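This report refers to the structure that appears directly beneath it.
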Amino acid sequence: MNDKRVFLTKHSPEYWRVTLNHPPLNIFGPKTIPQLSEIITAIETDKDLKVVVFDSAIDGFFMTHYDFLAKIEETTSLPPGPIGLQPLPDMLVRLGAGIVPGGGPMARLPRLMGRGRALEAFLGADDIPGDLAERYGYVNRSLPDAELDEFVEALANRIASFDKRAISETKRFVDVASLPPDYEIAPEWDVCLASIMRPAAQKRIGMLLEQGFHKPGDVETRLGYHVGQLGSVNGQPQDHPIERR
Amino acid sequence: MNDKRVFLTKHSPEYWRVTLNHPPLNIFGPKTIPQLSEIITAIETDKDLKVVVFDSAIDGFFMTHYDFLAKIEETTSLPPGPIGLQPLPDMLVRLGAGIVPGGGPMARLPRLMGRGRALEAFLGADDIPGDLAERYGYVNRSLPDAELDEFVEALANRIASFDKRAISETKRFVDVASLPPDYEIAPEWDVCLASIMRPAAQKRIGMLLEQGFHKPGDVETRLGYHVGQLGSVNGQPQDHPIERR
Amino acid sequence: MNDKRVFLTKHSPEYWRVTLNHPPLNIFGPKTIPQLSEIITAIETDKDLKVVVFDSAIDGFFMTHYDFLAKIEETTSLPPGPIGLQPLPDMLVRLGAGIVPGGGPMARLPRLMGRGRALEAFLGADDIPGDLAERYGYVNRSLPDAELDEFVEALANRIASFDKRAISETKRFVDVASLPPDYEIAPEWDVCLASIMRPAAQKRIGMLLEQGFHKPGDVETRLGYHVGQLGSVNGQPQDHPIERR
Numbered sequence: 011m012n013d014k015r016v017f018l019t020k021h022s023p024e025y026w027r028v029t030l031n032h033p034p035l036n037i038f039g040p041k042t043i044p045q046l047s048e049i050i051t052a053i054e055t056d057k058d059l060k061v062v063v064f065d066s067a068i069d070g071f072f073m074t075h076y077d078f079l080a081k082i083e084e085t086t087s088l089p090p091g092p093i094g095l096q097p098l099p100d101m102l103v104r105l106g107a108g109i110v111p112g113g114g115p116m117a118r119l120p121r122l123m124g125r126g127r128a129l130e131a132f133l134g135a136d137d138i139p140g141d142l143a144e145r146y147g148y149v150n151r152s153l154p155d156a157e158l159d160e161f162v163e164a165l166a167n168r169i170a171s172f173d174k175r176a177i178s179e180t181k182r183f184v185d186v187a188s189l190p191p192d193y194e195i196a197p198e199w200d201v202c203l204a205s206i207m208r209p210a211a212q213k214r215i216g217m218l219l220e221q222g223f224h225k226p227g228d229v230e231t232r233l234g235y236h237v238g239q240l241g242s243v244n245g246q247p248q249d250h251p252i253e254r255r
Numbered sequence: 011m012n013d014k015r016v017f018l019t020k021h022s023p024e025y026w027r028v029t030l031n032h033p034p035l036n037i038f039g040p041k042t043i044p045q046l047s048e049i050i051t052a053i054e055t056d057k058d059l060k061v062v063v064f065d066s067a068i069d070g071f072f073m074t075h076y077d078f079l080a081k082i083e084e085t086t087s088l089p090p091g092p093i094g095l096q097p098l099p100d101m102l103v104r105l106g107a108g109i110v111p112g113g114g115p116m117a118r119l120p121r122l123m124g125r126g127r128a129l130e131a132f133l134g135a136d137d138i139p140g141d142l143a144e145r146y147g148y149v150n151r152s153l154p155d156a157e158l159d160e161f162v163e164a165l166a167n168r169i170a171s172f173d174k175r176a177i178s179e180t181k182r183f184v185d186v187a188s189l190p191p192d193y194e195i196a197p198e199w200d201v202c203l204a205s206i207m208r209p210a211a212q213k214r215i216g217m218l219l220e221q222g223f224h225k226p227g228d229v230e231t232r233l234g235y236h237v238g239q240l241g242s243v244n245g246q247p248q249d250h251p252i253e254r255r
Numbered sequence: 011m012n013d014k015r016v017f018l019t020k021h022s023p024e025y026w027r028v029t030l031n032h033p034p035l036n037i038f039g040p041k042t043i044p045q046l047s048e049i050i051t052a053i054e055t056d057k058d059l060k061v062v063v064f065d066s067a068i069d070g071f072f073m074t075h076y077d078f079l080a081k082i083e084e085t086t087s088l089p090p091g092p093i094g095l096q097p098l099p100d101m102l103v104r105l106g107a108g109i110v111p112g113g114g115p116m117a118r119l120p121r122l123m124g125r126g127r128a129l130e131a132f133l134g135a136d137d138i139p140g141d142l143a144e145r146y147g148y149v150n151r152s153l154p155d156a157e158l159d160e161f162v163e164a165l166a167n168r169i170a171s172f173d174k175r176a177i178s179e180t181k182r183f184v185d186v187a188s189l190p191p192d193y194e195i196a197p198e199w200d201v202c203l204a205s206i207m208r209p210a211a212q213k214r215i216g217m218l219l220e221q222g223f224h225k226p227g228d229v230e231t232r233l234g235y236h237v238g239q240l241g242s243v244n245g246q247p248q249d250h251p252i253e254r255r
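Have a look at this one:
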């Protein structure tokens with residue numbers, strides 16, 4: 011049985027890549043959480059490693075939403091991670107990057123892009139195109155697809171050429187100045203799980219599944235659009251001019 | 011007697027609009043503070059409401075500066091708001107958005123746009139065009155006038171279509187991560203009022219009033235420019251290239 | 011003997027300029043630290059001063075890196091500054107702006123540009139062109155060289171025309187909301203000095219010096235590029251597409 015979905019490639023002792031390869035959509039759930047968690051432990055304990063690039067083998071998707079087809083018990087029954095939080099937020103805290111809602115974003119995003127833009131991102135719950143993500147400070151930069159690999163490779167090699175101890179010390183100081191405290195992360199996760207279990211959410215997830223959620227196609231590609239169609243005011247379909255700029 | 015200046019329109023039980031209509035300039039003072047405060051209380055206590063859009067019925071002005079023609083006692087004698095601050099900062103804290111100086115901006119703006127840009131905004135005390143406001147992170151986005159209404163309507167309807175409890179929980183977490191503490195807000199207000207009472211400020215306000223402050227016209231439309239002309243160094247009028255980019 | 015490198019010009023009692031003039035590169039070290047520190051004391055204690063502009067008399071360089079040719083003891087033996095930190099971070103804390111690594115940037119930059127971009131700036135350790143610096147929020151704005159002087163002059167005169175007490179009070183509130191605590195600054199400095207003393211860093215500094223570090227020329231002008239060439243992975247020279255956008 012080959013259930014491996016998260017792959018580690020060591021380009022050099024200093025520079026590793028972690029590739030998410032869970033066709034067709036890189037949906038993230040109880041099967042992939044332990045795999046990624048194991049790699050995070052390897053990353054944390056290696057003595058030579060300086061740079062890790064996370065990428066995806068799935069064209070058009072990096073890490074998609076959580077696996078809503080999995081039983082919630084499969085997630086909640088996973089043992090807590092090394093720092094004592096539930097496995098997903100625990101791992102994301104250790105990674106130092108909030109990737110999916112419920113893994114720490116409410117604590118992180120306002121510190122990254124400011125309160126107003128974070129509120130729009132959370133409450134609008136829409137897809138955010140690359141250029142807007144750069145303007146909002148969500149990502150460092152948005153690059154044309156043809157330039158992205160070369161840019162990442164050059165930056166990764168550059169960092170890998172520097173002194174590991176200086177890298178670690180610098181990151182530790184940046185953590186002190188910018189990481190949210192764990193006590194802001196833990197309750198987010200509890201509330202996220204509880205919200206998924208509520209009947210209203212279950213009904214909306216069910217409607218999305220009927221329309222093609224969790225399968226390649228327009229619902230996954232333009233998830234923001236389709237989420238906006240579910241419970242429209244007055245039963246009217248929503249116009250969707252938000253993507254425009 | 012019809013002194014109503016702040017109007018509440020319920021587009022749906024979930025989506026309300028608050029319209030400021032205090033011709034000719036939407037100047038904000040002791041008459042409008044209680045009206046808006048009352049609406050804020052309705053917003054805080056309604057069980058269905060999910061989205062509130064604040065807009066203006068006055069072309070070219072949203073909420074202008076404080077009413078410097080009103081006696082300061084009319085403001086200071088207003089009873090404290092529900093959370094114990096003076097009415098204006100109390101209301102703005104409850105609203106969650108710093109609209110006017112003295113209502114919390116020194117605590118809010120550096121968290122929104124960074125220390126350097128906030129200092130430029132405060133100390134430069136100039137008008138900030140929409141595009142610069144977006145680049146600085148002051149506003150989420152600057153849109154062409156022809157696109158603004160449609161964008162706001164779509165976003166408001168989109169948010170109104172989501173689960174109220176999920177909206178509330180998300181906002182509570184964002185508040186923890188991004189709202190300044192009340193103890194930073196209260197002293198700002200005291201210092202703001204004291205600064206308005208000082209003879210130097212009273213003299214400058216008097217000069218502005220002579221030139222057309224509080225009346226429709228160039229002083230209100232380009233207030234930043236005219237403020238820069240008041241006390242120029244060496245008695246020379248100031249060049250004003252700041253708006254240029 | 012004329013060792014004066016930092017010059018104070020009083021354009022008016024309210025508006026001063028501090029000009030760094032240490033040819034050929036404005037390298038910053040034990041000779042210039044006491045000169046600048048003395049001026050900072052004058053700035054802190056003057057009763058009329060409202061605006062200080064820091065500029066450089068050296069074309070193409072503002073304040074360059076620390077003087078790696080100076081003995082480290084010359085720096086560490088300087089007496090602590092008025093607030094009790096080592097002289098360089100002490101002065102930079104009093105200035106309220108982190109200019110060079112080791113003087114507070116790890117505490118400051120994440121609060122200015124967000125965690126992700128600050129990490130890229132620190133770990134990439136590359137030159138940052140003006141336009142990228144503006145997009146990242148590192149600088150308020152990037153202006154064409156032909157417009158910069160006029161813009162700065164107008165903004166300085168504008169601020170100088172305002173009430174000194176209002177300026178001071180505003181800055182004090184902004185400090186509360188945005189300055190990192192001193193206890194984050196002090197250990198950065200110790201770790202910075204220790205990192206410079208390590209053999210790996212000394213070797214890299216030595217290689218740079220052989221190639222022209224501390225002298226006018228390509229190494230100083232494109233220091234980011236040359237730092238990336240020092241310890242390349244697999245002994246291969248690094249491509250350098252980072253500047254591109």
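Residue numbers (the working numbering), protein chains in the order written: chain A, 11 to 255; chain B, 11 to 255; chain C, 11 to 255.
Don't be surprised by glycine CBs; every beta carbon is placed ideally from N, CA and C.
Given the structure is predicted, the values throughout are model-derived calculations rather than measurements.
Output yes or no for whether 7 Å exceeds the beta carbon distance between VAL28(C) and LEU35(C). no
Among HIS32(A), ASP77(A), GLU24(A) and ASP58(A), which one has its Cα closest to the Cα of LEU203(A)? ASP77(A)
What are the boundary residues of the alpha helix (DSSP H) that includes VAL184(B)? 174–188
Taking 7 Å as the CB-CB limit, is PHE78(B) close to chain C? no
Neighbourhood of PRO226(A) by C-beta distance below 8 Å, restricted to the same chain and skipping five residues each side: PRO34 and LEU35
If we ignore side chains and look at the alpha-carbon of each, how far apart do GLU83(B) and PHE132(C) end up? 52 Å
By Cβ distance below 7 Å, which residues in the same chain neighbour ARG232(A) in space, the five residues on each side in sequence not counted? ASP137
Please list, in chain order, the chain A residues whose beta carbon lies closer than 7 Å to that of MET116(C). THR180, PHE183, VAL184 and ALA187
Using 8 Å as the Cβ pair cut-off and three pairs as the minimum, do the region 185–205 of chain B and the region 168–179 of chain C touch? yes
Could you name the residues of the region 61–85 of chain A whose beta carbon sits closer than 7 Å to any beta carbon of chain D, in the order they occur along the chain? Of the protein chains in this structure, namely A, B and C, none is chain D.
Which word fits LEU216(A), buried or exposed, when buried means at least 16 other C-beta atoms lie within 10 angstroms of its C-beta? The identity of residue 216(A) in the sequence shown is Gly, whereas the question assumes Leu. GLY216(A) comes out exposed.
Does DSSP put THR74(A) in a helix, a strand or coil? coil
Neighbourhood of ASN61(C) by C-beta, 7 Å cutoff - its chain only, sequence neighbours within 5 removed: Before going on, a small fix: residue 61(C) reads as Val here, not Asn. Answer for VAL61(C): GLU24, TYR25, ALA166, ILE169 and ALA170, listed in chain order.
According to DSSP, simplified to helix, strand and coil, what is VAL229(A)? helix
Name, please, each residue of chain A whose Cβ falls closer than 8 Å to the Cβ of SER205(C). ASP173, ARG175, ALA176 and GLU179
Against chain B, does GLY238(C) count as a neighbour if the rule is that its beta carbon must be under 7 Å from one of theirs? no
Could you give the distance in angstroms between the alpha-carbon of GLY91(A) and the alpha-carbon of VAL184(A)? 23 Å
Name the DSSP bridge partner or partners of VAL162(A)? Per DSSP, none; premise fails for VAL162(A).
CA-CA distance, ASP13(B) and GLY147(B)? 36 Å
Straight-line Cα distance separating ILE68(A) from GLN221(A): 21 Å
For TYR148(A), which of helix, strand or coil comes out of DSSP? coil
Span separating the alpha-carbon of HIS32(B) from that of ARG145(C): 38 Å
SER22(A), enclosing beta strand (DSSP E) - first and last residue: 16–22
Could you tell me the alpha carbon to alpha carbon distance between ILE50(C) and GLY124(B), rounded to whole angstroms? 23 Å
List, in chain order, every chain A residue whose beta-carbon is nearer than 7 Å to that of ILE169(B). LEU133 and GLY134
Compare the C-beta of GLY147(C) with all C-beta atoms of chain B and state if any pair is closer than 7 Å. yes
Would the beta-carbon of ALA117(B) fall within 7 Å of that of ILE43(B)? no
For VAL63(B), I'd like the list of residues in its chain whose CB is within less than 8 Å of its CB, leaving aside the five on either flank, ordered along the chain. TYR25, TRP26, ARG27, VAL28, VAL162 and ALA166
Return the Cβ separation of ALA128(A) and SER188(B) in integer angstroms, given the expectation that the two are a contact with Cβ distance under 8 Å. 7 Å
Cα-Cα separation between ARG15(C) and PHE72(C), rounded to whole angstroms: 13 Å
Are the Cβ atoms of LEU79(B) and HIS236(B) separated by less than 7 Å? no
Pull the bridge partners of ARG27(B) from the DSSP assignment, please. THR19(B) and VAL63(B)
Cutoff 7 Å: PRO209(B) Cβ touching any chain C Cβ: no
Proximity test, Cβ basis, 7 Å: LEU18(A) and chain C: no
Where in the region 191–221 of chain C do unbroken runs of the beta strand (DSSP E), each at least 3 residues long, occur, reported from the N-terminal end onward? none
Verify the CB distance criterion: does ALA128(B) have a CB-CB separation below 7 Å to chain C? yes
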